[in-house]
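Participant:
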Amino acid sequence: MNEQRKTTIINEIKYWKKSKLLPDQYCDYLLTLYTEGEHDIEPEPEQKRSLHLRFQPSRTLLICIMVQALFLLALLVIYFTEFPLGLQISTGIFFTIAIILLANRTKRQTLALSYLYLLEAAVLLFLLTIHAVVTMFAGETLYIALATFIHCLAWFMIGWKWKLRFFTIASLLGGLLLLYFIFR
């Protein structure tokens with residue numbers, strides 16, 4: 194292979210590695226292949242790595258605090274204010290969407306926290322729905338049971354489609370509780 198072409202390819206691979214266009218393992222493999230094993234794998238600078246690791250937990254903690262604050266604020270708006278029902282529903286939906294977006298944002302760092310946030314969003318949407326049904330239908334048991342069944346069915350479908358076991362388990366437990374309250 195032409196030496197100039199080989200140098201161009203090696204520089205391009207180094208650029209890909211630096212700008213994270215390819216995973217480091219692939220870039221290291223390609224660099225080893227094109228340099229015929231003479232390339233030393235460059236370790237990540239210690240200062241940069243430690244800076245990244247030092248601020249990562251605080252970012253995760255900040256997002257966790259934000260999600261909990263949104264959840265509690267939504268509960269405050271739903272249960273402890275005299276806002277009109279439409280405003281309560283729209284505020285609750287806004288907070289639910291915000292929690293889902295934060296869950297998607299934290300999926301890379303901590304998958305378990307992301308799942309917890311999704312579960313909080315589902316519970317918040319469930320509480321919002323039950324509050325709306327109780328307010329609109331004056332606490333009719335049939336409508337509350339129907340809303341609970343729809344949520345359990347939606348949770349089951351979400352758990353089955355995206356293979357989220359906790360949604361499937363929550364739907365089955367919710368269905369069992371619903372059957373218990375219907376037939377007691």
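Here the numbering used here = 1-based position in the sequence shown + 193.
Built from N, CA and C at the ideal position, the CB exists for glycine as well.
Where do the ends of the alpha helix (DSSP H) carrying residue 198 lie?
Facilitator: Counted from its first residue, the sequence shown places residue 198 at position 5. Element bounds for residue 198: 196-211.
Participant: Using 8 Å as the threshold, is the C-beta distance between residue 313 and residue 359 below it?
Facilitator: Residue numbering aside, residue 313 sits at position 120 when the sequence shown is read from its first letter. Residue numbering aside, residue 359 sits at position 166 when the sequence shown is read from its first letter. Result no, Cβ atoms of residue 313 and residue 359 do not sit closer than 8 Å.
Participant: Taking the alpha helix (DSSP H) that residue 303 falls in, what are its first and last residues?
Facilitator: Mapped onto the sequence shown, residue 303 falls at position 110. It is not in any alpha helix (DSSP H) - residue 303 carries neither H nor E in the DSSP assignment.
Participant: Excluding sequence positions up to five away, which residues of its chain have a Cβ less than 7 Å from the Cβ of residue 187?
Facilitator: No information on residue 187 is available, as it lies outside the stretch 194 to 377 that the chain covers here.
Participant: Is the segment 308-328 touching the segment 354-371 in the sense that three or more CB pairs, one from each, lie closer than 8 Å?
Facilitator: Segments in contact, yes.
Participant: Do residue 278 and residue 328 come within 8 Å of each other at the CB atom, strictly closer than that value?
Facilitator: The residue you call residue 328 lines up with position 135 of the sequence shown. The residue you call residue 278 lines up with position 85 of the sequence shown. Cβ atoms of residue 328 and residue 278: closer than 8 Å.
Participant: Can the beta-carbon of residue 299 be found closer than 8 Å to that of residue 225?
Facilitator: Taking the sequence shown and counting its residues from 1, one reaches residue 299 at position 106. Taking the sequence shown and counting its residues from 1, one reaches residue 225 at position 32. Against a cut-off of 8 Å, the Cβ pair of residue 225 and residue 299 comes out as no contact.
Participant: If you count every other CB in all the chains shown that lies within 10 Å of the CB of residue 285, and 16 or more means buried, which is it?
Facilitator: The residue labelled residue 285 in the question sits at position 92 within the sequence shown. Result: buried.
Participant: Starting from the C-beta of residue 282, find all residues in its chain whose C-beta is less than 7 Å away, skip the five residues before and the five after it, and write them out in chain order.
Facilitator: Taking the sequence shown and counting its residues from 1, one reaches residue 282 at position 89. Cβ neighbours of residue 282 beyond the five flanking positions: 321 and 325.
Participant: DSSP three-state call for residue 363: helix, strand or coil?
Facilitator: By one-based count along the sequence shown, residue 363 stands at place 170. Helix.
Participant: Please confirm if the segment 292-311 is in contact with the segment 254-262, defined as three or more CB-CB distances below 8 Å between the two stretches.
Facilitator: The segment 292-311 vs the segment 254-262: in contact.
Participant: Less than 7 Å between C-beta atoms, sequence neighbours within five positions excluded: which residues of the same chain meet that for residue 201?
Facilitator: Mapped onto the sequence shown, residue 201 falls at position 8. Closer than 7 Å at Cβ, skipping near neighbours: no residue.
Participant: Can you tell me where the alpha helix (DSSP H) holding residue 225 begins and where it ends?
Facilitator: By 1-based counting over the sequence shown, the position of residue 225 is 32. Residue 225 -> alpha helix (DSSP H) spans 217-227.
Participant: Would you mind giving the Cβ-Cβ distance between residue 310 and residue 357, rounded to the nearest angstrom? I have them listed as a contact below 8 Å.
Facilitator: As a working mapping, residue 310 is identified with position 117 in the sequence shown. As a working mapping, residue 357 is identified with position 164 in the sequence shown. Not quite, the Cβ-Cβ distance comes to about 12 Å (not below 8 Å), so this is no contact.
Participant: Under a three-way DSSP split, which group does residue 331 fall into?
Facilitator: On the sequence shown, residue 331 is found 138 positions in, with the first residue counted as 1. In the structure shown, residue 331 sits in coil (DSSP, three-state: anything other than H, G, I, E or B).
Participant: What do you get for residue 276, buried or exposed, if any count of 16 or more other CB atoms within 10 angstroms of its CB means buried?
Facilitator: Here residue 276 refers to the residue found at position 83 when the sequence shown is read from its first residue. Under this definition residue 276 is an exposed residue.
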